[in-house]
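In my numbering, the protein residues as written are 344 to 791.
Just so it is clear, CB atoms sit at the ideal spot from N, CA and C, and this is done for glycine as well.
Quick caveat, the model's predicted, so the values are computed rather than measured.
What follows is the structure in structure tokens.
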């Protein structure tokens, strides 16, 4: 652990940062990583997976590069509730991803010659921040380092809104944006002004992709045993989910699927009911969606046909689960959570701002994160927020071009601004010279 010395920080000329910069958006589900001088952002599973079948473990990128059978995988994830808490596992994943002969960047990195830009979630506990700083400088030995809030990095990425009248200069953040980050662990609402998060107005909804996957697992476990099939259920969720445009449409769809299922399967709404063909990990490696055909399903079940080898297909028929599961984002009370839905959380954040600033943020709601890819997400959020404010208040919601990689892309653009990097980054020499407390204050913007 570094110890601070009795030295005045302003009296020492800082060493230059290493020119090579690695931007790392360390998400709970995946890591988004790449060098600042490259357009390529690599998606790395942020987990260690162990197969119950062949007893093999897969670390980080090995899961996508080497695993052919995703059935009955047990996952160990170093990130919980958005924060890195399992550094032993995270170190193994970083080692395999960036410092191994088979590194995802093509060759192993030399950390001493690399500056790391690491995203973090808002309101991280101080001890978790200290652990990250210690690992970066003392365990890995990076030559430079900047720990930056993810919403701030998102503000540097291209805007989803037309900017022809007032284009944002290269390397500069949006003037103001309410960043909605719908991720794996939770969803955060962060007002960002000129790249700086307005901390007192940050709000968090403890529902993300993981909650939706677990709820879907609970629902379909009534038909299939899926308690060991996290990967399958996650793929299923991503393939079938959509959000109704408003609560009225949700109730209408729920009534249609419920009445059809209760009385006569042939009366089910064909626009909602689908079949999901489950993988057997031999002839079918990944599940897939196809149109619902109850007659064909019964015939195949009776004859034991459906695949070229004559194997019986295992088919999961999905109805209201398609829209009822993502509905939790807007009505957490459906599973007993005493929280506002996403629209209410947005209004809580905005109403904590000065009244004169609220219109600017309501007119620039920027949506990012993998969970925001659910079809209908943007439309539902805009409809609900608009219904909760006065008619003369303009509400504009836009999803970024690539919600999964957007934070990384924002980091890449921020790195191009040398003035900003000079303010937010520190060298390893500074860390060893001034200590952890000084570095923590620097990242919080409280040093000169």
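At a cut-off of 6 Å, is residue i close to the ligand COA when judged by its beta-carbon and the heavy atoms of the ligand?
i: residue 768; result: This structure lacks the ligand COA; in fact it carries no ligand of any kind.
Which value, in whole angstroms, describes the spacing of the CA atoms of residue i and residue j?
i: residue 755; j: residue 381; result: 9 Å
i: residue 744; j: residue 490; result: 24 Å
i: residue 716; j: residue 555; result: 13 Å
i: residue 781; j: residue 747; result: 32 Å
i: residue 419; j: residue 700; result: 43 Å
i: residue 546; j: residue 706; result: 18 Å
i: residue 694; j: residue 541; result: 13 Å
i: residue 401; j: residue 518; result: 43 Å
i: residue 427; j: residue 681; result: 26 Å
i: residue 696; j: residue 531; result: 16 Å
i: residue 591; j: residue 558; result: 22 Å
i: residue 423; j: residue 553; result: 11 Å
i: residue 372; j: residue 496; result: 19 Å
i: residue 502; j: residue 512; result: 12 Å
i: residue 625; j: residue 411; result: 9 Å
i: residue 407; j: residue 390; result: 11 Å
i: residue 582; j: residue 560; result: 14 Å
i: residue 594; j: residue 621; result: 29 Å
i: residue 548; j: residue 369; result: 19 Å
i: residue 444; j: residue 409; result: 15 Å
i: residue 673; j: residue 770; result: 43 Å
i: residue 544; j: residue 598; result: 38 Å
i: residue 752; j: residue 712; result: 13 Å
i: residue 763; j: residue 469; result: 23 Å
i: residue 466; j: residue 492; result: 9 Å
i: residue 628; j: residue 774; result: 48 Å
i: residue 772; j: residue 758; result: 20 Å
i: residue 733; j: residue 398; result: 58 Å
i: residue 708; j: residue 568; result: 40 Å
i: residue 631; j: residue 623; result: 12 Å
i: residue 603; j: residue 533; result: Residue confidence for residue 603 is low, a pLDDT of 47 falling below 50, so the modelled location carries little weight and cannot support an answer.
i: residue 462; j: residue 637; result: 48 Å
i: residue 767; j: residue 482; result: 21 Å
i: residue 676; j: residue 571; result: 27 Å
i: residue 704; j: residue 731; result: 15 Å
i: residue 565; j: residue 395; result: 22 Å
Assuming residue i contacts residue j under a Cβ cut-off of 8 Å, what Cβ separation, rounded to an integer in Å, is found between them?
i: residue 538; j: residue 498; result: 5 Å
i: residue 460; j: residue 367; result: 7 Å
i: residue 472; j: residue 783; result: 6 Å
i: residue 421; j: residue 436; result: 7 Å
i: residue 719; j: residue 562; result: About 19 Å; that fails the 8 Å criterion.
i: residue 736; j: residue 702; result: 7 Å
i: residue 666; j: residue 596; result: 6 Å
i: residue 684; j: residue 528; result: That belief does not hold up - the Cβ atoms of residue 684 and residue 528 are roughly 17 Å apart, past 8 Å.
i: residue 671; j: residue 550; result: 6 Å
Can you check DSSP and say which residues form a bridge with residue i?
i: residue 375; result: 368 and 386
i: residue 423; result: 426
i: residue 522; result: 533 and 709
i: residue 741; result: 709
i: residue 288; result: Since the first residue of the chain shown is 344 and the last is 791, residue 288 is not available in this structure.
i: residue 633; result: 618
i: residue 402; result: 391
i: residue 363; result: 457
Looking only at its own chain, which residues have a Cβ that is under 7 Å from the Cβ of residue i, when we skip the five neighbours before and after it?
i: residue 456; result: 361, 363 and 486
i: residue 660; result: 616, 618 and 635
i: residue 359; result: none
i: residue 588; result: 719, 722, 723 and 726
Cutting at 6 Å between CB atoms, please list the residues of its own chain near residue i, excluding the five before and the five after it.
i: residue 760; result: 514
i: residue 484; result: 454 and 455
i: residue 478; result: 430
i: residue 298; result: Within the shown structure, residues of the chain are numbered from 344 to 791, placing residue 298 beyond reach of any answer.
i: residue 787; result: none
i: residue 432; result: 391, 419 and 421
i: residue 657; result: 621
i: residue 417; result: 393
i: residue 383; result: 377
i: residue 536; result: 519
i: residue 451; result: 442
i: residue 574; result: 413 and 416
i: residue 613; result: none
i: residue 749; result: 497, 500, 711 and 743
Cutting at 8 Å between CB atoms, please list the residues of its own chain near residue i, excluding the five before and the five after it.
i: residue 447; result: 376, 385, 387, 404, 440 and 441
i: residue 721; result: 710, 715, 740, 741 and 742
i: residue 378; result: 363, 364, 365, 366 and 448
i: residue 580; result: 552, 555, 556, 559 and 668
i: residue 480; result: 345, 488, 771, 774 and 775
Q) Which residue spans inside the stretch 457-500 form an unbroken beta strand (DSSP E) run of at least 3? A) 457-463 and 487-492
Q: At 3 residues or longer, and completely inside the stretch 528-562: list those beta strand (DSSP E) runs for me, N to C.
A: 530-536 and 546-548
Q: Please go through the stretch 650-700 and give each complete alpha helix (DSSP H) segment of 4 or more residues, from N-terminal end onward.
A: 664-667 and 685-694
(Q) At 4 residues or longer, what runs of the alpha helix (DSSP H) sit wholly inside the stretch 716-786? (A) 720-730, 749-758, 761-767 and 771-786
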